[in-house]
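Peer 1: Dropping the structure in here first, questions after.
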Amino acid sequence: MYNSPFLRQKASVRRVMVTVLVAMLPAIAVQVWLFGIGLLLQLAIASAVALACEAGMLALRRRPVARALGDGSALVTAWLIAVCLPPLLPWWMIVLGTAFAIVIGKHLYGGLGQNPFNPAMLAYCVLIVSFPALMSQWPGLHGGDAAAQLHWIAGGERTLDAMTGATPLDALRTGLHGGGEVASVMQSAAVGPAFGHVAGAGWEWVALAWAAGGLLLLAMRIITWHIPVAFLGTLAAIAGLASAIDGAHFAGPAFHLLAGGSMLGAFFIATDPVSGATTPRGKLIFAAGIALIAWLIRSFGAYPDGIAFAVLLMNICVPLIDQKTQPPVFGHKLGKPDGGAK
Amino acid sequence: MLPRLFSFNGGVKPDPNKGDSTREPIARLPLPPQLVVPLHQHIGGTPRPLVGVGERVLRGQRVGGADGNVSSAVHAPTSGRVIAVESRLMPHASGLSAPAIVIEPDGEDRHVEREAFDWHAASPGEVRDFLRDAGVVGLGGAVFPSHLKLNPGKAGHTDTLVLNGAECEPFITCDDMLMRTEPEGILRGALIMKKMLAARQVLVGIEDNKPEAAAALKAAAAALGDTSLEVVVVPTRYPAGGAKQLIRVLTGIEVPHGSRSTDYGVQCFNVATSLAVFQALEQGEPLIRRIVTVAGNVERPRNFEVAIGTPIGFVFAHAGLKPDTDKLIMGGPMMGMPLPGVDAPVVKATNCLLASSAALFPPPEPELPCIRCGECARACPADLQPFELYWHSRSRNFGRAQEYHLFDCIECGCCAYVCPSHIPLVDYYRYAKSEIWARERDKDAADSARERFEFRNWRAEREKEEKAARLAARSAAKPAAAPAATDGAAPTADAAVDPKKALIEAAMARAKAQKEAVAAKNTAEPDAAQQAQIDEADARRARAAATPDSERTE
């Protein structure tokens, strides 16, 4: 016996997760086209490890394995890890990162829906803190043939300059530290070509592909506009203000929006509903906070891209943000809000 | 002129499924061999039975009298003989039984002498009493006694009377068909209510998927020639037919949970209720029949005019229940309740009888964890955060659930309808609400136990004191008499009074000591059970103190 409502929309967690996977395809395709097929192998490794860890943890926790595996959430975590890591990492690193995300980041907190931190960003942070050198080696545009890429991923000897180049964010940081200015670094002979038109050769296209996937998520009502708009808007505003004040040392908004993980973060990372804020106002605050912290880390911190740390730091604030931003209830809109705080 | 429409947040758009049951006009269902008329068919007190077993009753005769003002009468739907006054199965999800008058129709359908009631001349209070005794209650499903709502409240007048013809639930078409067939009666009932509420205008809200009903009412309004009547077509979106949602759509006013809508200058009635008011006041016909939609997994979906008390199985038999039916539902698929059996009777709240099959309403898929996707919050017409309510209800954190406005939830089911994790969210809210009600009852019970205990102590003390005072007075009287006798001479007043005073004081001191001993004995050693009860009550009170009063239930 069950009770009303007896009617239910055709909706499922699996459908949500599969839509997210589909929305990731354009950016994955662009990334493979521009940076080589290494990413595909990483996606395969991450998926296999994520599913194995998910199944193992479900069995240990005595939960129905098949049903939970089928929800697709582990695959989404795996793919997000794979796309945000440099694609030529040795295989054991992505195994380590994915296993950490699923076992510690997800299941030790209670599994799907219970994790306070974004599992993919946990994996990224664990790896960048543990192996900073390897994590900064991105392949250059069309860097290396397939055989060489696979050789690297399999753990073969790495010859640094052969295939890798600094990411635009990294190159800018190094250039500025070396006493250069934004304009001169971007036009320098050494690293200049890496910057492409605005924010890095190739990276601009990857960023646009993420934005396209994000618009699909918006159209499919998987995410709302609040987080992407607040994130990109805040990032553009801060970057614009800083570059207007001191254009020699701070890159402009276009660079920040299209470089690194900005678009991926705006549409796919910060919008994770489990670890993110849920109220409309809370989402705006949450996303603006991520943008601010990410910009601070990019501009003043020790790491080239700060989105992962920014997301984790704002994840901590989510319970507070949600509690303080409860929307007014029907009929209580004019009166004082009496919910939320105890 | 097109009135400005407002909107409420959230809502869902399930397939209306209203076509099948509106093809045929309303049919009058024959009388069953036995009518089971429950005494309690409304919000409020249970009526007292006015007839006994074996008694003959006439159609329209009152068989249950309203118990106080917050109650409503019930009537015999036809003439016949009372064959039992006993507990019978009720149309209630829990399968509970409740007192009912069981009538065997004699087939003559003889009407009781109609009371001529000149409501124009009567005072508003008299009209309300008449409607209470005519058993008029809200026919939209809430069955709140209508006479209680026909009061303009503090201001003495109301701005808008809203007639609810939205009928937003899928499958249900009883109001639709009623509006098509009885538009004039509905509007004339509305004008009566408008006068009682001293309202400025009447707005009839109808969802745009019922063009025939809207056209019929518009024509009737034009024929009546009353410019204060306006028929407004509103967009189809469940739950636009929720009273608060419809008031919002038509007037822009949001009536908060727990307050009277008349305080906001607006009152809302279902169109069928309006017709019942008209029939009671103008035709002297109490509420003994209603329109019931029979739909879902039946051969001949249709609307029937059914005598209250007709067994549900009898109704379904006329519509041809299909063999693969797995469940019977009273109400619509969004808010209806599963019926315990076909013996339960049609009551005033029965707007729809829905047969369910696995193909029509598949059983829910297994529940998955909440992923906080927020779909429920986007669908909630009360602007709640359903997943937070779920979270706190599930963890039995009822105080927090109330802080998140649990009791503002109207149980419309939109959240569960959209949930991708297939969580039966409304079940969690029903559970939390009933737990909170149970705790409040427990607290009240513990409070009265404590009061009884304290009163007993106080009484015991008082009796001891009185006894002590009596003893003191007696022992004082004795020695006072003795010296008077031995001295022989008339004693001076002082001599007589002093020893008396001393004796009295001594006695009082003894009594006081005794009283203290007694009091100590009584308060220091309540028995273990009493002590446990006191502790429990204190703990509950402390917990309850954390809950703001404003969020208590109505």
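For the protein sequence lines, the chains are A and B, in the order given.
Numbering of the first sequence is given in our numbering, commencing with residue 11 and proceeding in unit increments.
Numbering of the second sequence is given in our numbering, commencing with residue 701 and proceeding in unit increments.
All C-beta atoms, glycine included, are put in the ideal place defined by N, C-alpha and C.
For clarity, every value in this text was computed on a predicted model and none was experimentally measured.
According to the neighbour-count rule (16 or more other Cβ atoms, all chains shown, within 10 Å of its Cβ), is Lys352 (chain A) buried or exposed?
Peer 2: Reliability fails at Lys352 (chain A), whose pLDDT of 31 lies under 50, so the model's placement of it is uncertain and the value that follows must be treated cautiously. Looking at its Cβ environment, which holds fewer than 16 other Cβ atoms inside 10 Å, Lys352 (chain A) is exposed.
Peer 1: Mind listing the chain B neighbours of Val26 (chain A)? Cutoff is C-beta to C-beta under 7 Å, in chain order.
Peer 2: Within chain B, the residues near Val26 (chain A) are Cys1073 and Pro1120.
Peer 1: Do you know how far the Cα of Ala1239 (chain B) is from the Cα of Lys1164 (chain B)?
Peer 2: Approximately 32 Å between the Cα atoms of the pair.
Peer 1: Who pairs with Thr860 (chain B) in a beta bridge, going by DSSP?
Peer 2: In the DSSP output, where bridge partners are listed per residue, Thr860 (chain B) has B:Gln901 and B:Val966.
Peer 1: Measure from the C-beta of Gly1113 (chain B) to each C-beta in chain A and report whether the shortest distance is under 8 Å.
Peer 2: True, the Cβ-Cβ gap to chain A drops below 8 Å.
Peer 1: Specify the secondary structure class of Arg810 (chain B) as computed by DSSP and reduced to three states.
Peer 2: Looking at Arg810 (chain B) - three-state DSSP - the assignment turns out to be coil, as it is neither helix nor strand.
Peer 1: Kindly identify the DSSP beta-bridge partner or partners of Arg748 (chain B).
Peer 2: The partner list for Arg748 (chain B) (beta bridge, DSSP) reads B:Gly765.
Peer 1: Measuring alpha carbon to alpha carbon, tell me which residue in A:Ala133, A:Ser57 and A:Gly115 is nearest Ile317 (chain A).
Peer 2: Out of A:Ala133, A:Ser57 and A:Gly115, A:Ala133 has the C-alpha closest to the C-alpha of Ile317 (chain A).
Peer 1: Is the Cβ-Cβ distance between Val736 (chain B) and Val782 (chain B) less than 8 Å?
Peer 2: No. Outside cutoff.
Peer 1: Going along the chain, which residues of the region 1046-1067 of chain B sit with their C-beta nearer than 9 Å to a C-beta in chain A?
Peer 2: The residues in question are Leu1054, Ser1056, Leu1060, Phe1061, Pro1062, Pro1063, Pro1064, Glu1065 and Pro1066.
Peer 1: Measure the alpha-carbon distance for Pro799 (chain B) versus Arg1174 (chain B) and round it to whole angstroms.
Peer 2: Those two C-alpha atoms are separated by around 60 Å.
Peer 1: May I have a chain-ordered list of the beta strand (DSSP E) segments no shorter than 3 residues that lie completely inside the region 925-996 of chain B?
Peer 2: Segments of the beta strand (DSSP E) lying fully in the region 925-996 of chain B: 929-934, 966-970 and 989-996.
Peer 1: From B:Pro845, B:Ile892, B:Pro939 and B:Val994, pick the residue whose C-alpha is nearest to that of Leu975 (chain B); which is it?
Peer 2: Considering only alpha carbons, the answer is B:Ile892.
Peer 1: In this structure, does DSSP put Arg781 (chain B) in helix, strand or coil?
Peer 2: The answer is strand: DSSP assigns Arg781 (chain B) an E or B state.
Peer 1: By a C-beta neighbour count over all protein chains shown, 10 Å radius and 16 as the cutoff for buried, is Tyr12 (chain A) buried or exposed?
Peer 2: Under this definition Tyr12 (chain A) is an exposed residue.
Peer 1: Secondary structure at Glu1140 (chain B), three-state DSSP: helix, strand or coil?
Peer 2: Here Glu1140 (chain B) sits in helix by DSSP.
Peer 1: Can a CB atom of chain B be found closer than 8 Å to the CB of His342 (chain A)?
Peer 2: At least one chain B Cβ lies under 8 Å of His342 (chain A).
Peer 1: Suppose you measure from the CA of Ile138 (chain A) to the CA of Pro1120 (chain B); what does that come to, to the nearest Å?
Peer 2: Rounded to the nearest angstrom, the two C-alpha atoms are 35 Å apart.
Peer 1: Against chain A, does Glu912 (chain B) count as a neighbour if the rule is that its beta carbon must be under 8 Å from one of theirs?
Peer 2: No, Glu912 (chain B) does not count as interfacial toward chain A.
Peer 1: Go to Pro1086 (chain B), then tell me how far its beta strand (DSSP E) extends in each direction, as first and last residue.
Peer 2: Unbroken run through Pro1086 (chain B) is the alpha helix (DSSP H), Pro1086 to Arg1094; no beta strand (DSSP E).
Peer 1: On a CA-only basis, which of B:Leu1171, B:Gln1231 and B:Ala1237 is nearest Ala1206 (chain B)? Give me that one, please.
Peer 2: Among B:Leu1171, B:Gln1231 and B:Ala1237, the Cα nearest to that of Ala1206 (chain B) belongs to B:Leu1171.
Peer 1: Let's see if you can read the secondary structure: which residues bound the alpha helix (DSSP H) around Ser194 (chain A)?
Peer 2: From DSSP, the alpha helix (DSSP H) with Ser194 (chain A) extends over Val192 to Gln197.
Peer 1: Please name the residues in the region 1016-1047 of chain B whose beta-carbon is closer than 9 Å to at least one beta-carbon of chain A, in chain order.
Peer 2: Of all residues in the region 1016-1047 of chain B, Lys1027, Ile1029, Gly1031, Gly1032, Pro1033, Met1034, Met1035, Gly1036, Met1037 and Pro1038 have a Cβ within less than 9 Å of some Cβ in chain A.
Peer 1: Taking the DSSP output, what are the residues bridged to Asn13 (chain A)?
Peer 2: Beta-bridge pairing links Asn13 (chain A) to no other residue.
Peer 1: Return the residue from the list A:Ser285, A:Glu191, A:His236 and A:Thr234 that minimises the CA-CA distance to His259 (chain A).
Peer 2: It is A:Glu191 whose Cα lies nearest to the Cα of His259 (chain A).
Peer 1: Give me, in chain order, the residues of the same chain whose beta-carbon lies closer than 7 Å to that of Leu302 (chain A); leave out the 5 immediate sequence neighbours on both sides.
Peer 2: If we look at Leu302 (chain A) and ignore the five residues flanking it on each side, its Cβ neighbours are Thr244 and Ile248.
Peer 1: Please name the residue or residues paired with Ser787 (chain B) in a DSSP beta bridge.
Peer 2: Partner(s): B:Pro799.
Peer 1: My guess is that Ala980 (chain B) and Val998 (chain B) are in contact by the Cβ rule of under 8 Å, so how many angstroms apart are they, rounded?
Peer 2: At roughly 32 Å, the Cβ-Cβ gap does not stay under 8 Å, so Ala980 (chain B) and Val998 (chain B) are not in contact.
Peer 1: Quick check on Lys293 (chain A): buried or exposed, where buried means 16 or more other Cβ atoms within 10 Å of its Cβ?
Peer 2: The residue is buried, with at least 16 neighbouring Cβ atoms inside 10 Å.
Peer 1: Quick check on this structure: which residue in A:Trp215, A:Leu182, A:Gly123 and A:Met34 has the alpha carbon closest to the alpha carbon of Leu44 (chain A)?
Peer 2: Closest option to Leu44 (chain A), Cα to Cα, is A:Trp215.
Peer 1: Under 8 Å by Cβ, that's how I've got Pro725 (chain B) and Leu739 (chain B) pegged, so tell me the actual separation to the nearest angstrom.
Peer 2: 33 Å between Cβ atoms; not a contact.
Peer 1: For Lys1027 (chain B), which three-state DSSP category applies?
Peer 2: Looking at Lys1027 (chain B) - three-state DSSP - the assignment turns out to be strand.
Peer 1: Where in the region 96-145 of chain A do unbroken runs of the alpha helix (DSSP H), each at least 4 residues long, occur, reported from the N-terminal end onward?
Peer 2: DSSP runs (the alpha helix (DSSP H)) wholly in the region 96-145 of chain A: 101-109, 129-140 and 142-145.
Peer 1: So which residues of chain B does Ala21 (chain A) contact, with C-beta pairs closer than 8 Å?
Peer 2: Ordered by position in chain B, the residues that pass the 8 Å Cβ test against Ala21 (chain A) are Glu1075, Val1118, Cys1119 and Pro1120.
Peer 1: Just by C-beta distance, which residues in the region 104-130 of chain A are closer than 9 Å to chain D?
Peer 2: Within the model displayed, chain D is absent; protein chains A and B are what it includes.
Peer 1: Of all the options A:Gly271, A:Thr281, A:Gly189 and A:Ala269, which has the alpha carbon lying nearest to the alpha carbon of Ile237 (chain A)?
Peer 2: Taking only the C-alpha atoms, the option nearest Ile237 (chain A) is A:Thr281.
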